[in-house]
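A.B. asks: What follows is a single structure, and I will ask about it in a moment.
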Amino acid sequence: MQTEWGPDELISTWTLAGDDWDLIANKAGVTRLGFALMLKFYEIEGRFPAYTEEIPPAAVRYPGSLVKVDPVPFGKYSWNGRTIKYHRAQIRKVYGTHPPTEADEDRWAQWLADEICPAETSRDRLGDALRRRCRSEGVEPPATGQVERVVASGCRRFDEAFAVTSAGRLGPAVCGRLEDLLSRPNVLADLKSDPGPLGLDTLLAALCWTRQAELVDGLVELLIGLIHRINARAERRVEKELIGELVHVPGKRGIFTRIIDAALEHPDDTVRDAVYPVVPGGETTLATLARELKATERAVAERVRYQLRGSYSHYYRRTLAPLLAALEFRCGNSAYRPVTDAIDLLAR
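Counting from 119, one number per residue, gives the positions in the sequence shown under the working numbering.
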């Protein structure tokens with residue numbers, strides 16, 4: 119609830135409407151003012167105030183002037199007992215809402231784990247998402263402590279599901295190695311240990327590690343650039359060959375129309391007798407047109423692959439083989455292991 123309210127905001131937000139007056143008609147004094155404030159607060163926040171000070175002073179004075187009750191004694195409004203429980207029941211009936219149950223909180227925690235936690239990590243924003251969900255379902259949002267508990271439960275469920283899914287993707291072999299690592303506390307202690315005081319060995323180790331990473335990155339960039347170069351060279355060569363082989367046939371649409379008409383008019387004649395006479399240039403034009411039509415994307419792709427194999431088999435083999443041998447390729451997914459095996463074979 120915001121603490122500062124301007125005159126226009128008070129009028130537009132805290133003014134009692136027609137149905138509101140019917141609800142407070144049989145109430146008087148502090149009870150009348152307390153019910154009016156509870157009603158408007160619930161309309162704004164979707165929940166009841168937890169204590170008197172949660173309602174801004176300006177919001178107390180303005181409705182007090184409307185219901186003709188002095189706001190000063192509002193502190194005497196009882197927040198416990200049968201009266202306030204009855205008031206809350208009346209207001210919930212008006213808005214068709216109910217307080218959250220344990221089943222609601224369990225369902226919200228699972229909803230957070232399934233839909234919100236995969237894309238959001240901030241606990242505050244998760245709490246805001248939960249409150250919006252409550253209002254959309256017509257349920258009062260839990261108290262702040264309960265909201266934090268539901269968010270924590272949702273995060274814990276997401277973490278557990280993520281761990282199970284990750285373990286399933288890693289496979290039994292990798293999980294077995296991880297379990298073996300966890301069973302040896304000395305190894306984990308070494309991995310987490312501090313490098314110790316700054317010295318020559320520490321500097322040398324850091325330098326070697328950084329330099330190794332730089333070298334690997336450079337080799338990978340060289341490999342990618344070389345592959346792109348081979349591919350571009352093959353495409354240019356195929357394009358040049360096709361341009362040299364193909365002769366553009368003008369008026370293809372008209373030729374196709376004549377061929378179709380001739381086939382429909384003379385279905386029993388041979389192609390030489392029915393089709394060749396209607397095509398300008400006869401058999402020569404049809405042969406040229408056939409070569410042009412065969413230059414499809416698939417044919418070009420096949421020729422490019424052929425050129426790629428030729429380039430690797432000859433000139434680029436001397437460069438690629440040592441480069442592949444210098445890099446180590448790993449894959450934990452059995453579906454892609456044939457690819458890494460093929461790379462290792464090429465490196466030999």
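For each residue, glycine too, the CB sits at the ideal point set by N, CA and C.
Go ahead and pull the three-state DSSP assignment for V265.
C.D. replies: Note: V265 maps to helix in three-state DSSP.
A.B. asks: Across the segment 196-209 and the segment 228-246, are there enough close Cβ pairs to call them in contact, namely three or more that are closer than 8 angstroms?
C.D. replies: No, the segment 196-209 is not in contact with the segment 228-246.
A.B. asks: Give the C-beta separation of A482 and P181 to the nearest angstrom, bearing in mind that I take them to be a contact with Cβ-Cβ under 8 angstroms.
C.D. replies: Shown here, the chain extends from 119 to 466; a query on residue 482 therefore has no answer.
A.B. asks: Output needed for I209: all residues of its chain with C-beta closer than 7 angstroms, excluding positions within five of it in sequence on either side, in chain order.
C.D. replies: Closer than 7 angstroms at Cβ, skipping near neighbours: M156, L157, Y160.
A.B. asks: Which one of N304, C252, L438, A444 has the shortest CA to CA distance from D222?
C.D. replies: Considering only alpha carbons, the answer is C252.
A.B. asks: When burial is assigned at 16 or more other CB atoms within 10 Å of the CB, is P191 buried or exposed?
C.D. replies: Flag for P191 reads exposed.
A.B. asks: Using 8 angstroms as the cut-off, can you tell me whether the segment 171-187 makes contact with the segment 217-234, which would need three or more C-beta pairs spanning the two stretches below that distance?
C.D. replies: Cβ pair count under 8 angstroms is below three, so no.
A.B. asks: Let me check one thing: in DSSP terms, what residues is H216 bridge-paired to?
C.D. replies: Answer by DSSP bridge pairing, in chain order: V257.
A.B. asks: Residues in its own chain within less than 8 angstroms of L337 by CB, not counting five upstream and five downstream?
C.D. replies: Within the same chain, L337 has close Cβ partners L441, A444, L445.
A.B. asks: Using a Cβ-Cβ cut-off of 6 angstroms (strictly less than) and excluding sequence neighbours within five positions of V187, which residues of its own chain qualify?
C.D. replies: Same-chain partners within the cutoff: R150, L151.
A.B. asks: Check whether the Cβ atoms of V257 and T215 sit closer than 8 angstroms, and answer yes or no.
C.D. replies: Closer than 8 angstroms, so yes.
A.B. asks: Out of D126, E122, L184, which one is the CA nearest neighbour of G136?
C.D. replies: The shortest Cα separation from G136 among D126, E122, L184 belongs to L184.
A.B. asks: Using the three-state DSSP reduction, which class does V365 fall into: helix, strand or coil?
C.D. replies: Confidence at V365 is low in this model, with a pLDDT of 47, below 50, so its placement is unreliable and the value that follows should be read with caution. Correct three-state label for V365: coil.
A.B. asks: Who are the near neighbours of T121 in its chain, counting only those whose CB is closer than 7 angstroms to its CB and skipping five residues on each side?
C.D. replies: Around T121: P174.
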